[in-house]
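The opening residue of the sequence shown carries number 1 in the numbering used here; numbering runs sequentially from there.
Each residue gets a CB set at the ideal place from its N, CA and C atoms; glycine is no exception.
For reference, the structure discussed in these notes is given below.
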Amino acid sequence: MKLIFATANLHKLQEASEILGPGFELSTPAANGLTDEIPETGNTLEANSLQKASFIKERLGADCFADDSGLEVDYLDGAPGVYTARYAAGEPQYKDNLEKLLCVLKDVPWEKRTARFRAVVTLIIGTEVKQFEGVLEGHIGTERKGDGGFGYDPIFIPEEIPGPDGALVPNAKGVANAELPEGDKNAISHRGQCMRAMAAYLRSIGK
Ligand code: ITT
Numbered sequence: 001m002k003l004i005f006a007t008a009n010l011h012k013l014q015e016a017s018e019i020l021g022p023g024f025e026l027s028t029p030a031a032n033g034l035t036d037e038i039p040e041t042g043n044t045l046e047a048n049s050l051q052k053a054s055f056i057k058e059r060l061g062a063d064c065f066a067d068d069s070g071l072e073v074d075y076l077d078g079a080p081g082v083y084t085a086r087y088a089a090g091e092p093q094y095k096d097n098l099e100k101l102l103c104v105l106k107d108v109p110w111e112k113r114t115a116r117f118r119a120v121v122t123l124i125i126g127t128e129v130k131q132f133e134g135v136l137e138g139h140i141g142t143e144r145k146g147d148g149g150f151g152y153d154p155i156f157i158p159e160e161i162p163g164p165d166g167a168l169v170p171n172a173k174g175v176a177n178a179e180l181p182e183g184d185k186n187a188i189s190h191r192g193q194c195m196r197a198m199a200a201y202l203r204s205i206g207k
């Protein structure tokens with residue numbers, strides 16, 4: 001099945017392709033000739049996710065989906081949340097955002113460093129609009145670890161990880177998302193949950 005993924009984030013594209021597998025052919029707006037910046041002016045993940053997918057549907061007329069995701073840190077009352085990609089000043093790189101968060105949480109003890117990744121995926125098929133949500137619970141670590149994944153993965157310590165038989169086990173060693181094999185991150189991640197729910201929905205409507 002062909003779908004446009006309304007994103008400029010190639011890490012998200014790579015993860016989604018991996019999770020959805022060979023039955024799906026994903027492409028970006030840019031690969032379809034649309035290089036305009038996709039607007040993202042809402043105050044919630046739901047609103048931004050819908051805005052991104054609707055923009056692509058209007059411009060390209062094709063079936064598509066969008067992901068809006070963010071990191072909610074309890075000590076910061078849910079920030080950076082919808083502003084996760086733009087947490088540090090200016091036009092931040094991943095490392096700027098991550099360093100700012102480590103700095104802000106510098107003296108905060110482990111038990112108060114709870115956080116979660118949340119993703120909202122909006123799928124537009126014909127005139128039908130459907131949203132899927134995924135949540136990954138964890139803690140913000142005190143230092144960067146690993147070089148897999150992207151964004152905040154080097155400082156996100158998930159609560160549970162896949163064990164040797166694939167079943168989830170407590171993350172006793174405090175492994176960061178960025179230290180997990182790609183398949184393990186996708187098995188637990190907020191985006192993985194959304195993509196699998198979206199694929200199940202598409203199967204249920206015979207797509
Ligand atoms: P698009 O809007 O083009 O899809 P974006 O990177 O701007 O790409 P968002 O507005 O949804 O995407 O911002 C989400 C940010 O949250 C993202 O840039 C990362 O910093 C972070 N993030 C989301 N999912 C993540 C993950 O699986 N691992 C690490 N960081 C993640």
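In the structure shown, Asp74 adopts helical secondary structure according to DSSP, grouped into three states.
When DSSP states are grouped into helix, strand and coil, Ile205 belongs to the coil group. Under the Cβ criterion (8 angstroms, minimum of three pairs), the stretch 3 to 20 counts as touching the stretch 66 to 81. Under DSSP, Gly183 forms no beta bridge with any residue.
Secondary structure at Gly141: coil, using DSSP grouped into helix, strand and coil.
With a 10 Å radius around the Cβ and a threshold of 16 neighbouring Cβ atoms, Glu179 comes out buried. Across the structure, Gly90 and Asp96 are spaced so that their CA atoms are roughly 10 angstroms apart. It is roughly 6 angstroms from the alpha-carbon of Val121 to the alpha-carbon of Ser49. Relative to the ligand ITT, the beta carbon of Arg191 is positioned inside 7 angstroms of a heavy atom. Within its own chain, no residue has a Cβ closer than 7 angstroms to the Cβ of Cys103 once the five positions on either side in sequence are excluded. Among the bridge pairs identified by DSSP, Lys57 is matched with none. Those residues that have a beta carbon less than 5 angstroms away from any non-hydrogen atom of the ligand ITT are, in order along the chain, Thr7, Ala8, Asn9, Asp68, Ser69, Thr84, Ala85, Gly151, Tyr152, Asp153.
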